[in-house]
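This report refers to the structure that appears directly beneath it.
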Amino acid sequence: MCTYVTTTAAVAGSAYDGEEWFGVDRAVVYFDHPQDAPVDHALCVDVWGGAARVAIELDAASARRLAEAILATLDHDEVAALTG
Amino acid sequence: MTDGIIARTTTITGHGGDEIEAYLAHPLDGDAQPSVVVLHHMPGYDRASKEIARTFAVYGYAALMPNLHHRYAPGAKATDAAAAAREAGGVPDEQCLGDVQAAVDALRARPESNGKVGAIGYCSGGRQSWIVACTLDVDAAVDCYGGRADPALAPDLRCPLLGLFGEEDQSPSPDDVAAMAKALDEAGKDYEFHSYEGAGHAFFSVDRPAYRVDAAKDGWKRIWAFFGERLQGG
């Protein structure tokens with residue numbers, strides 16, 4: 001199914017494309033047919049800086065694990081103390 | 085007969101006068117070739133979609149597939165252009181129609197053309213094929229599991245339509261397909277739909293887990309019969 005469910009988030013930081021780092025300003029998140037991942041549908045993230053992009057395609061369960069890992073890290077006491 | 089084909093990237097003047105790339109595949113033999121515009125899926129103007137165009141050429145058709153994502157990242161890989169198109173909010177229907185009209189015109193202008201042009205699309209391209217069939221002057225159209233197609237367009241259908249769907253698809257779901265069929269029946273339109281048991285979305289895709297060999301083989305047979313009856317000769 002083509003879900004067309006797309007969410008864009010403003011982000012700040014850098015991404016690495018295998019050759020160099022570049023500044024990024026937005027992340028596009030969607031659930032749709034992947035380009036490469038061997039699943040019917042994937043949670044896809046494109047992190048953009050201008051026309052440069054890094055991309056990931058994950059099956060739904062592993063995408064959820066990644067999201068939980070990010071939140072668990074941010075919510076850790078030592079990290080929360082630094083980020084407020 | 086050489087039994088040969090040629091396939092290459094060309095350029096057409098699409099919607100708004102924009103130069104966009106398009107993939108052309110056609111037989112080397114024959115001076116009355118039927119033609120088909122191929123509408124690629126959301127992952128873009130990729131290797132698998134070009135293979136479909138070449139398959140049409142093997143079966144005697146001239147096939148032209150406009151790169152609907154070209155404007156968003158000229159010269160980029162299909163994967164990057166598809167991402168750029170999505171990031172820009174997707175391809176507007178009006179722009180797609182302009183690009184398809186340009187492809188139809190280019191195909192009809194070929195000296196080897198018999199003047200008849202069909203349209204076929206997969207996934208998001210299936211929905212676009214439906215809109216093309218309800219808007220432009222084409223001789224036949226095939227919608228392969230196009231989700232989110234609007235049944236309200238049914239009274240505007242301008243050519244025979246073949247729809248190929250998977251019973252396990254969620255978009256279009258069996259209810260979506262039934263609603264489309266109901267609208268076409270009420271409008272008295274020429275169409276045939278086939279829904280395959282055990283198949284979901286993208287069952288033609290040989291390089292994806294969704295591939296279903298029985299559905300794909302039968303679907304191709306129906307495509308050749310449908311286009312053969314409506315596009316050959318002339």
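Chains as they are written, first to last, in my numbering: chain B, 1 to 84; chain V, 85 to 318. We put the beta carbon where it would ideally sit given N, CA and C, even for glycine. Here the structure is a predicted model, which means the values were calculated and not measured.
Contacts around B/TRP21, its chain only, beta-carbon distance under 8 Å, and the 5 residues preceding and following it disregarded: Position 21 of the first sequence, counting from 1, holds the residue named residue 21 of chain B. Counting only Cβ-Cβ distances below 8 Å, and skipping sequence neighbours, we find SER14 and ALA15.
Going by other Cβ atoms of all chains shown within 10 Å of its Cβ, with 16 needed for buried, is V/ILE90 buried or exposed? For the purposes of this step, residue 90 of chain V is taken as the residue at position 6 of the second sequence. Classification for V/ILE90: exposed.
Report, in whole angstroms, the separation of the C-beta atoms of V/ARG292 and V/SER255, which I expect to be a contact under 8 Å. In the second sequence, counting from the first residue as 1, residue 292 of chain V sits at position 208. In the second sequence, counting from the first residue as 1, residue 255 of chain V sits at position 171. Not a contact, Cβ separation roughly 16 Å.
Identify, in the order they occur along the chain, each residue of the same chain with its Cβ nearer than 7 Å to the Cβ of V/ALA217, setting aside the five sequence neighbours on each side. In the second sequence, residue 217 of chain V corresponds to position 133, counting from 1. Only ALA203, ALA225, LEU241, ARG242, CYS243 and LEU245 meet the Cβ criterion.
What is the DSSP secondary structure of B/GLU57, counted as helix, strand or coil? As a position in the first sequence, residue 57 of chain B is number 57, starting the count at 1. Of the three classes helix, strand and coil, the one that applies to B/GLU57 here is strand, per DSSP.
Could you tell me the alpha carbon to alpha carbon distance between B/VAL47 and V/VAL175, rounded to whole angstroms? As a first step, residue 47 of chain B must be located in the first sequence, where it is residue number 47. As a first step, residue 175 of chain V must be located in the second sequence, where it is residue number 91. Cα to Cα, B/VAL47 sits roughly 20 Å from V/VAL175.
Quick one: which chain V residues come within Cβ less than 7 Å of B/THR6? For the purposes of this step, residue 6 of chain B is taken as the residue at position 6 of the first sequence. Near B/THR6 (Cβ distances below 7 Å), the residues of chain V are ARG170.
Check the Cβ of V/ARG292 against every Cβ in chain B and list those closer than 9 Å, keeping chain order. For the purposes of this step, residue 292 of chain V is taken as the residue at position 208 of the second sequence. Among the residues of chain B, those whose CB is under 9 Å from the CB of V/ARG292 are HIS33, PRO34, PRO38, VAL39 and ASP40, following chain order.
Option nearest V/GLU103 by Cα separation, candidates V/GLU196, V/PRO158 and V/TYR143: By one-based count along the second sequence, residue 103 of chain V stands at place 19. The shortest C-alpha separation from V/GLU103 is found at V/PRO158.
Per DSSP, cross-strand counterpart(s) of B/TYR16: Along the first sequence, read from residue 1 onward, the residue named residue 16 of chain B stands at position 16. Answer is B/TRP21, bridged to B/TYR16.
Under a three-way DSSP split, which group does V/LEU315 fall into? The residue you call residue 315 of chain V lines up with position 231 of the second sequence. DSSP places V/LEU315 in helix when its eight states are reduced to three.
Does the beta carbon of V/ILE104 sit closer than 8 Å to a beta carbon anywhere in chain B? Stepping through the second sequence from its first residue, residue 104 of chain V is reached at position 20. For V/ILE104, the answer is no, since every Cβ of chain B falls outside 8 Å of its Cβ.
Which value, in whole angstroms, describes the spacing of the CA atoms of V/LYS305 and V/ILE136? In the second sequence, counting from the first residue as 1, residue 305 of chain V sits at position 221. In the second sequence, counting from the first residue as 1, residue 136 of chain V sits at position 52. So the alpha carbons of these two residues sit roughly 14 Å apart.
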